[in-house]
Amino acid sequence: MDEKAEKLKEIEALLKVYDGEMEIAPYVLEYLTLEELESIEVQLLRKQSNVIEENSNWLQQFKKET
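Here my numbering is used: the first residue of the sequence shown is 2, the next is one more, and so on.
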């Protein structure tokens, strides 16, 4: 499997975490570079990190109030 196809699979796995089942059509590889796919992956990982941090902050606030 080439690098772009592998990166696309990694992105699909990240999307499934938050958006449920989602597949990206393989023809997308024709239009996106590996660098663009890597950028998408970084943004998804950043979003995931932000959600985890927000949940942690909310939990801390909840603990203080109870």
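Glycine included, each C-beta is placed from N, C-alpha and C at the ideal position.
Legend entry - Segments assigned alpha helix (DSSP H), at least 4 residues, entirely inside the segment 19-50: 29-32
Inset, instruction - Output the distance between the C-alpha atoms of E39 and N58, rounded to the nearest integer angstrom. - result: In the sequence shown, residue 39 corresponds to position 38, counting from 1. In the sequence shown, residue 58 corresponds to position 57, counting from 1. Here the alpha carbons of N58 and E39 stand approximately 28 Å from one another.
Inset, instruction - Answer yes or no: do L30 and K5 have a C-beta to C-beta separation smaller than 7 Å? - result: As a first step, residue 30 must be located in the sequence shown, where it is residue number 29. As a first step, residue 5 must be located in the sequence shown, where it is residue number 4. A contact, by the Cβ cut-off of 7 Å.
Legend entry - Pick from E36, E55 and E42 that is closest to K17, judged by C-alpha positions: One-based indexing of the sequence shown puts residue 17 at position 16. The residue with the shortest Cα to Cα distance from K17 is E42.
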